[in-house]
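Undergrad: According to the UniProt record's numbering, the sequence shown holds residues 1 to 500 in order.
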Amino acid sequence: MTRYHHLDRAAQRLQQRSVRLQRLVLGCDVLLGCCGAALLATLLAALAGWTLPSGIFYGILGGLAVSIFAILAWRIQSDTMGALARADKVLGLHAALSTAYEYLQQHATHPFVPALMTVAERYAHRVEARRVLPLQLPPRVWGIPVLIAATLSCSFFHISPWQFDTAHEPEAVPQVAREGQRLEKWGRELEELARREQLDRSMILARQIQQLGQRMQREGGEPGQVTERIATLSQYLQRLQQELRERALMSDSSGTLARDVRMSGKSVKQELRDLLQMLQQDTPARDTAALAEQSVQRLSRQIGQHPQLESLLQSLRSGDLDAARQMLRDVLEQQQATDDGEHLDRARRALEYSTRSIQRHSQGETSAGRSRPQPDASGQSPLEMGDEGMSSEQMSGMEDFQAPGAEDGVGSAHTTRQQAEVALRESEQPVSNVEVPSGEGPMRMSYIRSLPLPNEAQVPVENTVTQYQHAAEEVVAQEQIPRVYREHIKQYFLSLGIMK
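Quick look at the structure:
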């Protein structure tokens, strides 16, 4: 075969070209089937009302298509004789190449082989693989972009699910049907927002709103019944709006939280403590001042200009390490006192809120029946209540809670308060163990005096603190308080010893 390398090389080129074209057609067929399966699954999910995780589903479908293509492409084999016969037909060689190759493979000792191979070697130079086997895709390949466009259209446009139980039902009142369509549209938008923010409870409530709107379109009813039915979802809508707005507030405060934690993973307070520990080490004064100055400059660039950091930097540049140490101690003590007062103030406001909630709950139980909210005289439905710019702290019952992440500290934003901050330190007085059914709660007497206790001499302080401990346990378990605030309140109560 080495003597007839031109024919051998032409046969190899034709064989490789044939395998590539077959694999290309196979890949187009697999992709066509994958697009058809994706379109079918999207239509079935939309018509059945299922929530299809598109990323996971398309990923699994793509992996399955790649596996099928790899298995089938590995099994493809090329017919060398067929490729040479096609070359003879295209080039008009009267079967010179295929006949010579066949005799060479099967009858190598035949006396006609040298003459046939001489002619084949002369014609082998004229063989071009692209001319013999041109690229010709089947017409069905054009269905791939059509199926992809149809799948994207199903994702962008909303398709109403099939309803099989509405064949013999009376037509709904036009006013009720319009209200149901508006309610279903709003629930769909809220569900999309909740899915984007990964809020499971809000997604469930948004689906309930959509189901109510669909039921109103199917069943209809009197306007009074429709208003009453909408009013039953008012508490769910309040929770839904509250959770979504809290997530927006958390997103807005992400910049502050990012500034509060440095690039090294430490907080501002930890950075200052490390700096104070560096200044207290037994190293040469020049090296200590240089390292501390670099740390302060890096911290100042990250959190912005701050008067105390500027004063500390001036003391380090002047070489006054004693003044720098004292300034760091003062800043840390001031920040610790502010944090303690903030914790106590939050716990106090949480207890006041729980007391008011319990009182309102007891008053609501003793009232004569519960009346459903009536529609406003201005015609505004309960679904439209609440200002668009209203934050979660301005809602009913949440006026006493601060947005999470707004604690005082160097380089972190905080909410301006009208009343003076109470700076309390850890008391040296003995601990008072208060026994309640849920366990003992060790408390400092200084914290007990700071709580909003009733000023009645005939009531022992242990009984009063027991009431507040029950109130603390009640406020943590209340459903209307968001999870973010609930966890903050629990941590404050645990730090004060009110609950276990």
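C-beta atoms are modelled at their ideal positions from N, C-alpha and C, and glycine is treated no differently.
Using 8 angstroms for Cβ pairs, my map puts Cys28 next to Val141. What's the rounded Cβ distance?
TA: Right, their Cβ atoms sit about 5 angstroms apart.
Undergrad: Beta-carbon within less than 8 angstroms of Arg325's beta-carbon, same chain only, minus the 5 sequence neighbours each way: which residues are those?
TA: Leu276, Leu279, Gln280, listed in sequence order.
Undergrad: How far does the alpha helix (DSSP H) with Thr151 in it reach, from first residue to last?
TA: Taken as a continuous stretch (DSSP letters only), the alpha helix (DSSP H) holding Thr151 covers 143 to 156.
Undergrad: For Val25 versus Ala65, is the C-beta spacing smaller than 8 angstroms?
TA: Cβ atoms of Val25 and Ala65: not closer than 8 angstroms.
Undergrad: For Ser378, collect the residues of the same chain with a Cβ closer than 7 angstroms to its Cβ; drop the 5 residues on either side in sequence, then sort them by chain order.
TA: In this predicted model, Ser378 has a pLDDT of only 40, less than 50, meaning its place in the structure is not dependable enough to derive any value.
Undergrad: Label Ala48 either buried or exposed according to how many other C-beta atoms from any shown protein chain fall within 10 Å of its C-beta, with 16 as the threshold for buried.
TA: It is exposed - the Cβ of Ala48 has fewer than 16 other Cβ atoms within 10 Å.
Undergrad: Take every Cβ of the segment 56 to 63, pair it with every Cβ of the segment 78 to 86, and state whether three or more of those distances are shorter than 8 angstroms.
TA: Output reads no: the segment 78 to 86 does not touch the segment 56 to 63.
Undergrad: 8 angstroms is my cut-off, CB to CB: does Leu43 come that close to chain D?
TA: Looking for chain D here will not work: only one protein chain is present.
Undergrad: Using a Cβ-Cβ cutoff of less than 8 angstroms, which residues in the same chain neighbour Glu207 once the five nearest sequence positions on both sides are dropped?
TA: Residue 207 is actually Arg in this sequence, not Glu. Excluding residues within five positions, the ones whose Cβ falls inside 8 angstroms are Gly187, Glu191.
Undergrad: For Val296, I'd like the list of residues in its chain whose CB is within less than 8 angstroms of its CB, leaving aside the five on either flank, ordered along the chain.
TA: If we look at Val296 and ignore the five residues flanking it on each side, its Cβ neighbours are Leu275, Leu309, Leu312, Leu313, Leu316.
Undergrad: Kindly list the residues whose CB is nearer than 8 angstroms to the CB of Leu39, restricted to its own chain and excluding five residues on each side of it in sequence; keep chain order.
TA: Only Leu147, Ala150, Thr151, Cys154 meet the Cβ criterion.
Undergrad: So does Ala11 have its beta carbon nearer than 7 angstroms to some heavy atom of the ligand ZN?
TA: This structure does not include the ligand ZN; it has no bound ligands of any sort.
Undergrad: Is it right to say Gly319 is buried, meaning 16 or more other beta carbons lie within 10 angstroms of its own, or is it exposed?
TA: Answer is exposed; the Cβ neighbour count stays below 16.
Undergrad: Can you tell me whether Leu44 is buried or exposed? The criterion is at least 16 other CB atoms within 10 Å of its CB, across all chains shown.
TA: The residue is exposed, with fewer than 16 neighbouring Cβ atoms inside 10 Å.
Undergrad: Spatial neighbours of Met203 within its chain, please: CB distance less than 7 angstroms, with the 5 preceding and 5 following residues excluded, ordered by chain position.
TA: Contacts found: Glu191, Ala194, Arg195.
Undergrad: Which residues in the same chain as Ala73 place their Cβ atom closer than 7 angstroms to its Cβ, once the five residues preceding and following it in sequence are excluded?
TA: Excluding sequence neighbours, Ala73 sits near Arg23, Leu26.
Undergrad: Restricting to Cα atoms, I'd like to know which of Leu93, Pro138, Arg9, Leu205 is closest to Leu32.
TA: Comparing Cα positions, the closest option is Pro138.
Undergrad: Taking the Cβ atom as the reference point for each residue, do Val132 and Leu14 lie within a distance shorter than 8 angstroms?
TA: It is a contact, given that the beta carbons lie within the stated cut-off.
Undergrad: Can you say whether Gly255 is buried or exposed, counting buried as having 16 or more other CB atoms within 10 angstroms of its CB?
TA: Caution applies to Gly255, whose pLDDT of 41 falls short of 50 and renders its modelled position unreliable; the value that the coordinates give is listed next. Exposed, by the Cβ-count rule.
Undergrad: Alpha helix (DSSP H) containing Ser315: first to last residue?
TA: 307 to 318 is the extent of the alpha helix (DSSP H) around Ser315.
Undergrad: Which first and last residues belong to the alpha helix (DSSP H) in which Val132 is found?
TA: Counting along the chain, the alpha helix (DSSP H) containing Val132 begins and ends at 129 to 132.
Undergrad: Does the distance from the C-beta atom of Leu272 to that of Leu321 stay below 8 angstroms?
TA: Not closer than 8 angstroms, so no.
Undergrad: Please work out which residues of its chain come closer than 6 angstroms, Cβ to Cβ, to Asp387, disregarding the five sequence neighbours upstream and downstream, and give them in chain order.
TA: Annotation note: pLDDT 39 at Asp387 (below 50); position unreliable, no value reported.
Undergrad: In this structure, how does DSSP classify Pro53 when only helix, strand and coil are distinguished?
TA: Correct three-state label for Pro53: coil.
Undergrad: Check this for me: beta carbons of Ile209 and Leu183, under 8 angstroms apart or not?
TA: A contact, by the Cβ cut-off of 8 angstroms.
Undergrad: With a 10 Å radius around its C-beta and 16 neighbouring C-beta atoms as the bar for buried, classify Leu205 as buried or exposed.
TA: The residue is buried, with at least 16 neighbouring Cβ atoms inside 10 Å.
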